[in-house]
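In the working numbering, the protein residues as written are 11 to 533. By construction, the Cβ of each residue, glycine as well, lies at the ideal position given by its N, Cα and C atoms.
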C-alpha cells in the first residue's frame, strides 16, 4: 500500500513538473504597444471603403464594421483615443432629401436565397439634418482624390449642381470647408489614407461611358465618369500627405488594386449562351432556337461581314458549346454604310438601314471583354428606346440584348477601356508608393491582396476568402465594396503594415466575428 502511495505521489509530481515545463515553454503573449506611432488622435480619409459602405449603401452596422473603425479599436489597446463616426440613422441605407427618398441612393441589398434584393423600409437619414462636432472617420462615399481638397464639397447649395456630396454635406464643419481641412483641424497624431479608387471606378462601372482625362489638368471640367489625369492625382495626393504629416503625424497609406478584378467585373461570363439557357432549361428547344438564329440572323450577318473583310466579328452559334454574347465595340471600324448597301437588295431600304445601324460595330464578345454585373439580368431582355443606343425600341427579332441585339457600351468594358484603367491605376500607384517612402509612412499593397482574392484566395484561420460573387465572403452584394469580413481583412493587412513600419505590436481581429453577409433585418 505504501509503495502504491509513493508511486502515485511520484506520478503526480512528475505530472506537475511536466505542466510547469509546458508553461515555461508556452509562447508569451506580446503586449500591445504603439511602437514609434502615436494613436492618440486618429483620422481616416478616403472614399466609400473608409466610410464602411457595403451592399450598395451606407448604413450604421456597415460603418461599425468598416476597416477604419476596426483599426480604431485596435489602436485603443495601444493608447488610441476616441474615434467618432458620422453615423447614418438606421440599417436600411438610402438618403432623404427634404424628407423624400432619393432613388439614386437606394436601400441596402441582402440575399433572399435566390438573388440580391433591396431591404424593405424607408430611409430615415436626412441629408440636410446636419451633424455637429468633429469626426475621425472622414471617409466620403463617391469621393475622388481631388474632392478631398475641394472647397464646398460639403455645401448643401452644391447638391443641385452636383458639386457637393450628400454624405459630406451631413457632417462638414462648414459649407466652405474641405475634407482635408476638417482632418487637419483635429491635429491628428495618426492617419490612414486610402483614396483614388473612384478616380477610375466610375469610368469602369459605366462600361467606359466617360473619358480618359489624361492631359487635362482641370478637374472642374471632368464628367462624373471620367478618369482623373495622373498629374492631377499626384498633385492632390502630395497635398494630402504633406498636410497630414506637417506636424509630425505618422500614418498608413494604401495603393490601389486593379478594380477590374472586383466581382462587379468578373462574375458575368462573356459566353453564357448555351442550348439550355436559350431554351429556358429545355435543351431541345434551345438547339432549335440556335438553328433558327443561325439561319435567320447569324448566318446572313456573317456572310455580309465576310464580304466586307470583317467575317471574324461573328461566328455561327454552337449547339453544344457555350456561345459569346453580342456586344457593340466602339473601337471597331463602323461598317453601317457598307452593311446597308449589302442588305438593301434583300431586306429593302428601311430594314437595311436599321440592320446596318445595329450591327455596324457589333461583334461577339471575347474572354478579354468584361461584362459589368448588372448585365446578368439584362441578357435576353428587350432593349428600350432609352438604352438601345438608337433612340428606339427595336422590334422582334432584334429584341433580345446579347442574343439578337448587341449589348451597349455601358454593359461591357472592352480591352482598350481596361487598358486605360490599368494605365491610370499604375500611375496613381507610383505616386502613392513614392510619397509613402518619402514621408516614412506605412504602406499597404492592396493590389496584391485583390489579385490573391481573385485567384487562389486568402486563408485566415478556418476561413478562405475569395472574390467570388455572393459565395466568396470577401465582398458585399454590390460586387465592389467589401463585406464586413472583407473589411476585417483590410484592417488586418493595415495592422501588418503599421507593425512593420513603426515597430508596433497591434493585433489582428478574428475574422469569424464579422459576417460575410448581412441579414434582411439587422438587430
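Residues near residue i in its chain [Cβ-Cβ closer than 7 angstroms; skip 5 each side]
| i | result |
| --- | --- |
| residue 88 | 42, 43, 44, 49, 514 and 516 |
| residue 129 | 102, 117, 118, 120 and 530 |
| residue 340 | 371 and 419 |
Pair within 7 angstroms by beta-carbon distance, residue i and residue j
| i | j | result |
| --- | --- | --- |
| residue 60 | residue 149 | yes |
| residue 203 | residue 311 | no |
| residue 126 | residue 104 | no |
| residue 155 | residue 222 | no |
| residue 235 | residue 220 | yes |
| residue 101 | residue 532 | yes |
| residue 437 | residue 263 | no |
| residue 181 | residue 163 | no |
| residue 288 | residue 308 | no |
| residue 318 | residue 283 | no |
| residue 218 | residue 427 | yes |
| residue 411 | residue 429 | no |
| residue 151 | residue 58 | yes |
| residue 415 | residue 273 | no |
| residue 242 | residue 386 | no |
| residue 349 | residue 366 | yes |
Buried or exposed (CB count within 10 angstroms, at least 16 for buried), residue i
| i | result |
| --- | --- |
| residue 246 | buried |
| residue 143 | exposed |
| residue 227 | exposed |
| residue 62 | buried |
| residue 502 | buried |
| residue 425 | exposed |
| residue 338 | buried |
| residue 371 | buried |
| residue 186 | exposed |
| residue 34 | Only weak support exists for where residue 34 lies, its pLDDT of 48 falling under 50; the coordinates are left without a value. |
| residue 285 | buried |
| residue 487 | buried |
| residue 452 | buried |
| residue 2 | It is not possible to answer for residue 2, since the shown part of the chain is limited to 11 through 533. |
| residue 212 | buried |
| residue 36 | Low local confidence applies: a pLDDT of 48 at residue 36 is under 50, so the model's placement there is unreliable, and no value is given. |
| residue 135 | buried |
| residue 114 | exposed |
| residue 292 | exposed |
Through-space distance from residue j to residue i, alpha-carbon basis
| i | j | result |
| --- | --- | --- |
| residue 139 | residue 157 | 22 angstroms |
| residue 18 | residue 47 | Residue placement at residue 18 is flagged as unreliable, the pLDDT there being 31, under the threshold of 50; the coordinate-derived value follows with that caveat. If you take the alpha carbons of residue 18 and residue 47, they lie about 55 angstroms apart. |
| residue 398 | residue 391 | 11 angstroms |
| residue 368 | residue 69 | 42 angstroms |
| residue 342 | residue 153 | 33 angstroms |
| residue 360 | residue 351 | 11 angstroms |
| residue 529 | residue 313 | 52 angstroms |
| residue 231 | residue 160 | 13 angstroms |
| residue 423 | residue 441 | 26 angstroms |
| residue 354 | residue 396 | 27 angstroms |
| residue 214 | residue 275 | 9 angstroms |
| residue 507 | residue 201 | 13 angstroms |
| residue 382 | residue 280 | 10 angstroms |
| residue 408 | residue 455 | 46 angstroms |
| residue 405 | residue 304 | 18 angstroms |
| residue 512 | residue 96 | 29 angstroms |
| residue 443 | residue 205 | 13 angstroms |
| residue 493 | residue 99 | 20 angstroms |
| residue 86 | residue 108 | 38 angstroms |
| residue 325 | residue 190 | 54 angstroms |
Residues near residue i by beta carbon distance below 6 angstroms, same chain, minus five either side
| i | result |
| --- | --- |
| residue 464 | 271 and 477 |
| residue 323 | 315 and 373 |
| residue 255 | 449 |
| residue 251 | 445 and 449 |
| residue 199 | 48, 50, 51 and 259 |
| residue 77 | 497, 500 and 501 |
Contact set for residue i: own chain, Cβ-Cβ below 8 angstroms, skip 5 residues either direction
| i | result |
| --- | --- |
| residue 94 | 143, 144, 145, 146 and 147 |
| residue 473 | 483, 495, 521 and 522 |
| residue 81 | 52, 54, 202, 501, 504 and 505 |
| residue 471 | 520, 521 and 522 |
| residue 40 | 515 |
| residue 79 | 62, 73, 93, 95 and 147 |
| residue 240 | 224, 434, 437, 438 and 441 |
| residue 257 | 197 |
| residue 431 | 210, 213, 214, 237, 268, 269, 270 and 423 |
Indicate whether the contact test is met: 3 or more Cβ pairs, each with one atom in the stretch 458-475 and one in the stretch 295-313, closer than 8 angstroms. no
Across the stretch 327-334 and the stretch 414-428, are there enough close Cβ pairs to call them in contact, namely three or more that are closer than 8 angstroms? no
Would the stretch 264-283 count as touching the stretch 188-201 if we require 3 or more Cβ pairs under 8 angstroms? no
Three CB pairs or more closer than 8 angstroms across the stretch 523-533 and the stretch 483-500: yes
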